Amino acid sequence: MKDILKGQWVKLAATDPEEASKSFVRWQSDSEFKRLLDSGAVGLNSTKAIKEFIEKESDQAGTNLFWFVIRSLEDDRLLGDVLLDVGRWNMREGFVGIGLGDRDFWGKGYGTEAMQLILQFAFTEVNLRRVSLNVFEYNPRAIRSYEKVGFQHEGRLRGALLREGRRWDMLFMGILREEWTARYLTTSI
Amino acid sequence: MKDIYRGKLVRLAVEAPEVMTKAHARWERDTEFHRLADGDPAQLWSEKKIREWIEKEMEDDPLRALRFSIRTLNDDKLIGFVGLRPDWIHADAWIGIGIGEREYWGKGYGTDAMRLIVQYAFLEANLRRVTLGLHSYNARALKSYEKVGFKLEGVLRSDTLREGRRTDGIYMGLLREEWQALQGVAA
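Take a look at the structure:
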């Protein structure tokens, strides 16, 4: 069996709160990154607050939340993080979130590969039936990446976001186990 | 200005924790109600646990969640609950509603309560849009939300497994200007 957390360019690795909090503090100072990442108002948190948050989230790991950092294989650089949140085990559905904090790695396929890895993890290790995500209309790079990975468009909340004085849609995307299997496996699971 | 807590069949009210606890404990024994309202596995909680949950909810910052009980106008019967969870930054809110008393299903009580909470969202909380989700097997709810003016915005394919069958999750939304047009109110 191969290492399912390792791709061609990136690997999913464990989160070290000490290291990750330093990177998160640096990334959050980029308001473009934050606004692509989530819908909250951009704000700056202390290293202490971020470290406490990471430690608290890490405590949940393995039950409902699978949280990894993304590292480049070439130089082991910390590029971002990706998480799989299994809200309802009875429905075997997971929600993914991904962020590449390091701008130098935007638009080059690193995020796409990290997403492929977390999907592989979701379907072959956690044995989910479906994975979903949401993304903002003003993030076409992410939308394109999710389409490439195999996510289907499932819905759009019209004008759910107000940014820079205009309304933007919130998009929902999802991929089913059998869609993933048909795309990525030669044998069925 | 009229009383925005009062509709044609129901009013939005607030209950003492012990009253709401008894009602929820009764409603939750009805698995059909639970499965229409929620995707979690049906499960029975003790009254103590329900009461703790209700008291905790009541202490919530009202800016985070606005919650009401639903009472009928003709006999003041407690039949359900409805709430609003606003995202103040984007002026959107999630709405949740449940009519626990079966005798009041399919008779317009839920629809009336939904009209009240939507009106509250737009006239009192000054939101720009409201959002809700439902299971595709809840045809009665879908019809009710359409009547209030909600539009279908998304279908999460097969996000629910119930009774061995896959069904969809549905998202609906209503924009402030759409609602205003329906009321014949100038923006």
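Heads up: the sequence lines are chains A and B, in that order. At position 76 of the first sequence the residue is numbered 76 (my numbering), and the sequence of numbers has no breaks. At position 101 of the second sequence the residue is numbered 101 (my numbering), and the sequence of numbers has no breaks. Ideal Cβ positions, reconstructed from N, Cα and C, are used throughout, including at glycine. The structure presented is a predicted model; accordingly, all values stated were derived computationally and were not measured.
- request: Below 6 angstroms CB to CB, which residues in the same chain sit around F151 of chain A once its five sequence neighbours on both sides are set aside?
  value: The residue labelled residue 151 of chain A in the question sits at position 151 within the first sequence. So the qualifying residues of the chain are M173, I175.
message: Does the contact criterion of 3 or more C-beta pairs under 8 angstroms hold for the stretch 101 to 115 of chain A versus the stretch 75 to 86 of chain A?
response: yes
- prompt: Taking C-alpha atoms, which residue in B:F33, B:D75, B:V118 lies nearest to P86 of chain B?
  reply: Within the second sequence, residue 86 of chain B is the residue found at index 86, counting from 1. Looking at the Cα atoms, B:V118 is the closest of the given residues.
- prompt: Do K77 of chain B and E57 of chain B have their C-beta atoms within less than 9 angstroms of each other?
  reply: In the second sequence, residue 77 of chain B corresponds to position 77, counting from 1. In the second sequence, residue 57 of chain B corresponds to position 57, counting from 1. Against a cut-off of 9 angstroms, the Cβ pair of E57 of chain B and K77 of chain B comes out as no contact.
query: Looking at the unbroken alpha helix (DSSP H) that takes in Q119 of chain B, where does it start and where does it end?
result: Taking the second sequence and counting its residues from 1, the one referred to as residue 119 of chain B is at position 119. Segment 109 to 123, the alpha helix (DSSP H) holding Q119 of chain B.
- request: Could you check if E55 of chain B is buried or exposed, using at least 16 other CB atoms within 10 Å of its CB as the buried criterion?
  value: As a first step, residue 55 of chain B is located in the second sequence; it is residue number 55 there, counting from the start. Exposed is the call here.
- request: To the nearest angstrom, report how far apart I189 of chain A and E153 of chain B are at their CA atoms.
  value: Residue numbering aside, residue 189 of chain A sits at position 189 when the first sequence is read from its first letter. Residue numbering aside, residue 153 of chain B sits at position 153 when the second sequence is read from its first letter. No answer about I189 of chain A holds up, because its pLDDT of 48 lies below 50 and its placement is not dependable.
- prompt: Rounded to a whole number of angstroms, what is the C-alpha to C-alpha distance between R11 of chain B and A113 of chain B?
  reply: Here residue 11 of chain B corresponds to residue number 11 of the second sequence, with the count starting at 1. Here residue 113 of chain B corresponds to residue number 113 of the second sequence, with the count starting at 1. Those two C-alpha atoms are separated by around 7 angstroms.
- request: Assign G87 of chain A to one of two classes, buried (16 or more other C-beta atoms within 10 Å of its C-beta) or exposed (fewer than that).
  value: Walking along the first sequence from the start, residue 87 of chain A turns up at place 87. Under this definition G87 of chain A is an exposed residue.
- prompt: Per DSSP, what kind of secondary structure is W168 of chain A in: helix, strand or coil?
  reply: Working through the first sequence from its first residue, we reach residue 168 of chain A at position 168. Three-state result, W168 of chain A: strand.
message: Along the stretch 134 to 158 of chain A, where does the CB come closer than 7 angstroms to a CB of chain B? Name the residues.
response: E154, G155, R156, L157, R158
query: Is I189 of chain A helix, strand or coil by DSSP?
result: Working through the first sequence from its first residue, we reach residue 189 of chain A at position 189. The predicted position of I189 of chain A is uncertain, since its pLDDT is 48 and thus under 50; a value taken from the coordinates is nonetheless stated next. Correct three-state label for I189 of chain A: coil.
query: How is the alpha helix (DSSP H) around I50 of chain B delimited, first residue to last?
result: Residue mapping note: residue 50 of chain B aligns to position 50 of the second sequence, counting from 1. Run containing I50 of chain B: 47 to 59, per the alpha helix (DSSP H) assignment.
- prompt: Of all the CB atoms in chain B, is at least one closer than 9 angstroms to the CB of F172 of chain A?
  reply: Locating residue 172 of chain A in the first sequence gives position 172, where the first residue counts as 1. Interface residue, yes.
- request: Please say whether T111 of chain B and S144 of chain B have beta carbons closer to each other than 9 angstroms?
  value: What you label residue 144 of chain B is simply residue 144 of the second sequence in a count that begins at 1. What you label residue 111 of chain B is simply residue 111 of the second sequence in a count that begins at 1. Closer than 9 angstroms, so yes.
Sequence-distant residues of its chain with Cβ nearer than 6 angstroms to S29 of chain A (five each side left out): The residue you call residue 29 of chain A lines up with position 29 of the first sequence. No residues qualify anywhere along the chain.
- prompt: If you measure beta-carbon to beta-carbon, which residues of the stretch 39 to 57 of chain A are closer than 9 angstroms to chain B?
  reply: S39, G40, A41
message: Would L66 of chain B and A125 of chain B qualify as a contact pair, given that the criterion is a beta-carbon distance under 9 angstroms?
response: Your numbering for residue 66 of chain B matches position 66 in the second sequence. Your numbering for residue 125 of chain B matches position 125 in the second sequence. A contact, by the Cβ cut-off of 9 angstroms.
query: How big is the Cα-Cα spacing for G164 of chain B and L157 of chain A?
result: For the purposes of this step, residue 164 of chain B is identified with residue 164 of the second sequence, where counting begins at 1. For the purposes of this step, residue 157 of chain A is identified with residue 157 of the first sequence, where counting begins at 1. Between G164 of chain B and L157 of chain A, the C-alpha separation is close to 29 angstroms.
task: Can you give me the Cβ contacts of P140 of chain A inside the same chain, cut-off strictly under 7 angstroms, excluding the 5 residues immediately before and after it?
output: The residue given as residue 140 of chain A occupies position 140 in the first sequence. Cβ within range, chain order: n/a, list empty.
field: Inter-residue spacing [alpha-carbon to alpha-carbon] between R167 of chain A and A37 of chain B
entry: If you number the first sequence from 1, residue 167 of chain A lands on position 167. If you number the second sequence from 1, residue 37 of chain B lands on position 37. Cα-Cα distance, rounded: 30 angstroms.
field: chain B within 9 angstroms of N64 of chain A, Cβ atoms only
entry: Indexing the first sequence from 1 puts residue 64 of chain A at position 64. N64 of chain A does not count as touching chain B.
message: Can you confirm whether R183 of chain A, when its beta carbon is compared against all beta carbons of chain B, has any partner nearer than 9 angstroms?
response: The residue you call residue 183 of chain A lines up with position 183 of the first sequence. No, R183 of chain A lies away from the interface with chain B (no Cβ there is under 9 angstroms from its Cβ).
query: Enumerated in chain order, which unbroken segments of the beta strand (DSSP E) with a length of 3 residues or greater are wholly contained in the stretch 48 to 91 of chain A?
result: 65 to 72, 78 to 88
message: Helix, strand or coil, according to DSSP, for P41 of chain B in the structure here?
response: Residue 41 of chain B sits at position 41 when you count from the first residue of the second sequence. P41 of chain B: coil per DSSP, three-state reduction.
Within 9 angstroms, strictly: CB atoms of I79 of chain B and Y104 of chain B: Residue numbering aside, residue 79 of chain B sits at position 79 when the second sequence is read from its first letter. Residue numbering aside, residue 104 of chain B sits at position 104 when the second sequence is read from its first letter. Taking 9 angstroms as the Cβ cut-off, I79 of chain B and Y104 of chain B qualify as a contacting pair.
field: Rounded Cβ spacing between A13 of chain A and R71 of chain A (contact assumed at less than 8 angstroms)
entry: Counted from its first residue, the first sequence places residue 13 of chain A at position 13. Counted from its first residue, the first sequence places residue 71 of chain A at position 71. About 5 angstroms separates the two Cβ atoms, so the contact holds.
query: Helix, strand or coil for Y184 of chain A per DSSP?
result: For the purposes of this step, residue 184 of chain A is identified with residue 184 of the first sequence, where counting begins at 1. Y184 of chain A: helix per DSSP, three-state reduction.
- prompt: Under three-state DSSP, which class holds Q152 of chain A?
  reply: By one-based count along the first sequence, residue 152 of chain A stands at place 152. Note: Q152 of chain A maps to strand in three-state DSSP.
- prompt: Can you name the start and end residues of the beta strand (DSSP E) that W94 of chain B belongs to?
  reply: Against the second sequence, residue 94 of chain B aligns to sequence position 94. Counting along the chain, the beta strand (DSSP E) containing W94 of chain B begins and ends at 92 to 99.
field: Residue nearest to W180 of chain A in terms of C-alpha spacing, selected from A:L117, A:I54, A:L162
entry: Within the first sequence, the letter at position 180 stands for residue 180 of chain A. Among A:L117, A:I54, A:L162, the Cα nearest to that of W180 of chain A is on A:L117.
query: Grouping DSSP H, G and I as helix and E and B as strand, with all else coil, what is F121 of chain A?
result: As a working note, residue 121 of chain A is residue 121 in the first sequence. Three-state result, F121 of chain A: helix.
- prompt: In chain B, which residues lie less than 7 angstroms from R35 of chain A when you measure between Cβ atoms?
  reply: Within the first sequence, the letter at position 35 stands for residue 35 of chain A. Neighbours of R35 of chain A on chain B: none; closest Cβ ~11 angstroms, over 7 angstroms.
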